[in-house]
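Numbering (full-length UniProt numbering), first residue to last: 1 to 91. The block underneath contains the structure these notes are about, expressed in structure tokens.
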Amino acid sequence: MHTADINRGAPAPIAPFRPLDPAGWLARYVDLGGGYTVRPNGVILHWSLGITEEERRALVQHERPLRRDLIMREAVKAYLASYTTTEADPC
């Protein structure tokens, strides 16, 4: 059994908080093989059923923070809503 005395020694390093970059998150999701659909009633993230188990695990791992954090989820939804609106605007 491994034990550690948390009252002695150097303090544990604290990882700096990095806010979510919705554009970066979405780009990585698409690079991993994911996709999205923006509908009037919400956003749907999806991927092909023909992907490998390794690809599926990578997508699930990438989605996990959004499933756990409503603020992150809303940030990606807001980004997609604004992105697709801009995408659909006439030139």
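Ideal placement from N, C-alpha and C gives every residue a C-beta, glycine not left out.
C-alpha gap between residue i and residue j, whole angstroms
{"i": "W47", "j": "I71", "result": "23 Å"}
{"i": "A58", "j": "L32", "result": "7 Å"}
{"i": "R64", "j": "P40", "result": "24 Å"}
{"i": "L49", "j": "P22", "result": "25 Å"}
{"i": "L45", "j": "E53", "result": "18 Å"}
{"i": "A78", "j": "G24", "result": "14 Å"}
{"i": "Y36", "j": "D69", "result": "19 Å"}
{"i": "L20", "j": "R28", "result": "12 Å"}
{"i": "P90", "j": "G34", "result": "Bear in mind that a pLDDT of 49 at P90, under 50, signals an unreliable position, so the number given afterwards is only what the model happens to contain. Whole-angstrom Cα-Cα distance: 27 Å."}
Simplified DSSP state of residue i, which is helix, strand or coil
{"i": "G42", "result": "strand"}
{"i": "G24", "result": "helix"}
{"i": "C91", "result": "Note on C91: pLDDT 45, under 50, position unreliable in the model; no value is reported."}
{"i": "W47", "result": "strand"}
Proximity of residue i and residue j at Cβ, strictly below 8 Å
{"i": "A81", "j": "V38", "result": "yes"}
{"i": "L26", "j": "V76", "result": "yes"}
{"i": "L66", "j": "R73", "result": "yes"}
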